[in-house]
Every structure is written in structure tokens, then in C-alpha cells.
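Reviewing the structure listed below.
Numbering (our numbering), first residue to last: 33 to 678.
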């Protein structure tokens, strides 16, 4: 008897509730630190790192930001800090303790040594909320949180999407906690957690299509990544503890050096992740995965160029620091496009075309070049206008103009991307009534991928693993039966929808099936034989195309080592119209022929065994059927019988 009720639903969806609980907890903690960072008085002596260096003559002010309360009060790069509120400054920890102990907005008296002269500078702390670029940071955090919870609520059963949800939550926590990284052990832990993002991205790349990666490779990557992260985290934690306990700067300097080494490793990790994405894109046969990678690349092309040019390039080439104004928190506005376009890729389309990806890539490169050119041409005239009209100092006018120009250019860039992308995606593959333009797959295939594909793979993998370990573990298998029950209900919903039954020429169906199959296997060759008189059948065209495409896939994979074309014939026998697909592979044994079409039966490694089963389900709702037999000599013949239109 099938159990019902809210208790059963909670038990079945317990993973979802666990993920939601973790998401709510991490988001709540991040929100607390974010609000605290907005209202806490900041002097500008500590940003993400202390804005000072230990020099031979003392603690030297070395700001990385162009605007802060300390700079506004008159402090300059190179100033040697002598004391703060009559407390002598001799260590970096003195600066850190002063920053985090500041709890009011009263003036702080700082004595500095500049050009052989002692100067007194009064710095008034200000909250971060007075700098309007925090709005861009908030926008990025909202996008990260929305992405994480969308994936948890809709794709928690897929490993790759669960990894991305975890990555979004981790980065959300990292960004909010980083301003307090050196205040306490908890803040330092949050800062170290963010360093995991690169390694988690590698795990995501391996989880996109786990069937194309061997178990040894995945185990090695997991062990190496975990080991490297634990080693660097332990070393940095030891130096942090040494710095906090002794107060000496040696621990802080060692920690900074370890951070630089890990940053270099992170670059290598990100390059490795890109290579894994490229290999996955080329090797996978799942069209939805290729679409995900395509949209990830689109988001990277929009988000990374401005972030790299204005924030990272000056750190790589120090001589550019005076030429390029860093974006600061404004860069998060561009980084928002990475999770945003990833979500668009999940919700907008399930189709894939390599031509679309090439056109998108070329368009993004041209668009990025045009954006940078427009910014370069407009910056100095607009800055001069702002200085003359608003009477702003160069630092403020440069920052303000950078933000406004980049916001306008980014908006125009995004609108151009949407318009051109819409034009690209409208290019038709074939002319079939009821088929979605621009996609080699059709609506039925899209519904199948979105609804049951991942659940099928999860069920077959876990259920077979359980049975192989111990056939007596019936209780464990009965738990898997709940997943099968969900699958059956999903099948009923997916294929129980009314089809668009129309009278259509069999030649149109056959040609479009060949076009769709060649999107996956470009070197596929099909010899199509049509009768002299046009034969029209009554069916839902997109669903019959799906079946024929699946049969062409099977035939191609069966004779992949041979150069002979696949034969597709259309003929009429009595009241029925028959479309046969014949390959010259090894053929099926009588035992395999008798089991072909049963759910979860497959002779191919990595396949779920649902191709012929679902084909028969689709054909039944079109008043058609499917039969298979051995070809004369070798190979297999798959025959689809359709209802002739009157």
C-alpha cells in the first residue's frame, strides 16, 4: 500500500529540507555580517587587508583604495604612522586592533611622519553605507542567494547543481565575512572558507557529466584538492594564531606570503576548471549540459573582462595603479552576470547548437571591445565636465564617472546581448509544424530532459548499486521504489499531455530527424529512400521526430567503426505507413531482442536503458508502434508503423 500524508512527503524530500536548512543558516549569518559591515565605523586603515606595510622605519600607510576616511582626512601613501590617539604604533596588529575597536564616529587623532615632518591628522570614521557602491555588492549577494535557493528547490537531485548551490552559499558567506577576517577566529574561518571556491568549481566540472570521467581521476582530484586546502588552511591558521597570541608581525607576514602562494595555485585551479569544462563540452552527449556550459561562457565573457582590467590588472602591473581607477565594490555588478546568465541558461532553453555558441562567443568579444573603447573615449571628457560643473576633486570625480559610465555601458551591453541572442536563437533547423524554431530538439525532448532524465539516472545508479552489494537488502531497495514511483508519475504527466496531431508528409519528418541527429553526430550518414508519391501520416510530428532521432542515435553507435551509411526507408503496406532504420552493426542476439524495450535494460555502458521504452510510450499515444529484428547478414532493423492520414 502506498503511504501518503505530510510525514511521508517530508521523509522522501528530507535532502531538500536539509539543503534548505543549510541555505537559511548560511544566508542568515551572512546577512548579519553584511549589515554589521554597513553600519560599523570604518577608518580606512583596514579594508580586506590592513592598508599598511611593515617598513624599516615603521608602519607605512599603503592604501589600495582610492577613497576612504583616512585618505579624505589628508593621509597619503607612504606616511609613517607614529601613533593613534596617543598610543604608539609599532606593529600591524596595533592598526588592526584600532580598526576593530572603533565603535563611535568620533574623530581619531593620528600622528604621521611625512617629508621629515610630524603631522597630526584627524580622521572621522564613516560607515560603509555612505559609499553608494555597496548597492552593487547587495545586488550581487541577492543574485547569489537567489541562484542557490533556486537550485536547491528545483535541482537538488542533480549533483552538479547542488555543487553550484553550495558554491553560491559559500561565496556569499565569504564576501560578507571577509571585512572582519582579522577580527576573530570566526572571521578568519569565513575568509578561509572562500578560498575553497576554485576547488569546488573543479568538482562541479567533474559532476556535470560524471560518466565521461573515470573513478580514479575523480578520486585523485578530490584527494589532491582536499589535501591542498587542508594544508594551506592549517598553515595559515597556525600563523594567524601566532600573530594574534604574540602580536608580532612575523606571523602576519608569513600568512600574507602563504596567501600569495595559494592565490597562484587558485589561478592554476581556475585554468584547470576551464579545461575541464572544454573537455566536458566536447565529450558529453547530453545536450542540456552543453547548454549549461554555453551560458557559463556567456556569463564569463560579460563579467570577467571589466573585473580583470580594472581590479586585477593593476595588481599584476603596479605601474598601472595611477592610470586605472579600481572599481571596488562596483565590480560585483559585473560579476553578477555569472550566476544570472547561468540561471537564464537553466530556465530559458534546453536546445544546443555549436553554431549558436560560436556566434555568441564572437559577438561577446566584439561587444567587450566596443564597451572598453566607448569607456576610454568618454571617460576624460565626462570627468572634465564633472570637475568643472560639480567642483569635485579628481579622486571623487574619477570614481563617480567610472561608476556611471560603466553602469550605462553595461546596461547597453546587456540589452544588445539579449536582442542579438534572441535573433541567433531564432534560426530554424527545419520546417515542421509544431516544432520549436531554433532547436534541434523538440518540446517533448525538452520536457523529458527537464522532468525525468536526472531522476532516472539517480534511481538506476543507486538501485543497481544496492542490489549488486547484497540481494537481501530488500528494505533499501524498497526505498528506491519511491523514486521509481515518482518517475512513473512524471512519465504520466510528461507523456499524458495532449499532442498536436496533424497530417504531415513522412518526408518532412524523416529529413528533420536526420537534421536533429546530425546535431549530435555531425559525421552521421543516412541514405533516405522515399516513395514517388507523398505519404501523409496522422501524428504529432515533434514526437515522431524524437523517436526517429533516437533510433538514428542507436544505429550510429552500433556501427560507429564502419563507414557504411544508415538506411532509412519509407513505404506503405496496406493501411499503415512504415519507416525503417537499418544499420550494419553486430546486430542483437535473440535474448537481447526479447528484452529490448524493457525499462532500465541496456547493453551500453553509461546508458539508462530507457530509449526504446520511451519510444514505445510515445508511439502508443500516436496510435503507432515499434518493432525490432535482426537484419539480413548483420545489423538491426527498427520499424516504426504510423497511421496513414485520410
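Even glycine gets a Cβ: it sits at the ideal position worked out from N, Cα and C.
- Counting along the chain, no alpha helix (DSSP H) covers residue 564, and no H or E run does either.
- By the Cβ criterion, the segment 186 to 203 is not in contact with the segment 110 to 118, since fewer than three pairs of Cβ atoms, one from each stretch, lie closer than 8 Å.
- Burial check for residue 184: the Cβ neighbour count within 10 Å reaches 16 or more, so the residue is buried.
- In this structure the segment 124 to 137 does not touch the segment 289 to 298; the number of beta carbon pairs closer than 8 Å is below three.
- DSSP places residue 200 in the helix class (H, G or I) of the three-state scheme.
- Around the beta-carbon of residue 204, 16 or more other beta-carbon atoms lie within 10 Å, marking it buried.
- By alpha-carbon distance to residue 617, the top candidate from 99, 605, 567 and 588 is 588.
- Counting only unbroken stretches of 3 or more residues, the beta strand (DSSP E) elements lying wholly within the segment 96 to 125 are 112 to 116, in sequence order.
- Between residue 546 and residue 573, the C-beta spacing is not below 9 Å.
- One thing to note: residue 77 has its Cβ within 9 Å of the Cβ of residue 84.
- Distance between residue 215 and residue 322, taken at the CA atoms: about 44 Å.
- Bridge partners of residue 308 according to DSSP: none are assigned.
- Counting only residues of its own chain and dropping the five nearest sequence neighbours on each side, residue 373 has a CB closer than 8 Å to the CB of 327, 328, 330, 331 and 334.
- For residue 62, the enclosing alpha helix (DSSP H) covers residues 46 to 71.
- For residue 548, the enclosing alpha helix (DSSP H) starts and ends at 538 to 552.
- Per DSSP, reduced to three states, the secondary structure at residue 213 is coil, with no helix or strand assignment.
- The beta carbon of residue 127 lies closer than 6 Å to those of 77, 82 and 84 in the same chain, with the five residues before and after it left out.
- Taking all protein chains shown into account, residue 289 has fewer than 16 neighbouring C-beta atoms within 10 Å of its C-beta and is therefore exposed.
- Residues 200, 371 and 375 of the same chain have their beta carbon placed closer than 6 Å to that of residue 179, with the five preceding and five following residues left out of the count.
- Residue 227 counts as buried, since at least 16 other C-beta atoms from the protein chains shown sit within 10 angstroms of its C-beta.
- Shortest Cα-Cα distance from residue 668 to any of 270, 283, 580 and 612 involves 612.
- Pairwise C-beta distances place the segment 251 to 258 in contact with the segment 223 to 240, as three or more of them are shorter than 8 Å.
- In the structure shown, the three-state DSSP call for residue 315 is helix.
- In the structure shown, residue 82 adopts extended strand secondary structure according to DSSP, grouped into three states.
- Close CB contacts of residue 240 within its chain, under the 6 Å cut and outside five residues either way in sequence, are with 192, 312 and 321 (chain order).
- For residue 604, the CB contacts under 8 Å within the same chain, skipping 5 residues up- and downstream, are 563, 567, 610 and 676 in chain order.
- In the structure shown, the three-state DSSP call for residue 599 is strand.
- Nearest to residue 89 by alpha-carbon distance, out of 148, 96 and 100, is 148.
- For residue 659, DSSP records a beta bridge to 671.
- The C-alpha of residue 409 is placed about 40 Å away from the C-alpha of residue 86.
- The straight-line gap separating the alpha-carbon atoms of residue 145 and residue 104 is approximately 17 Å.
- In the assembly as shown, residue 581 is a buried residue. Its beta-carbon has 16 or more other beta-carbons within 10 Å.
- Residue burial is scored here from C-beta neighbours: residue 607 has fewer than 16 other C-beta atoms within 10 angstroms and is therefore classed as exposed.
- Collapsing the DSSP output to three states places residue 145 in a strand.
- Nearest to residue 367 by alpha-carbon distance, out of 75, 590 and 172, is 172.
- Annotation: residue 93 is outside any alpha helix (DSSP H); the continuous beta strand (DSSP E) that includes it extends over 91 to 93.
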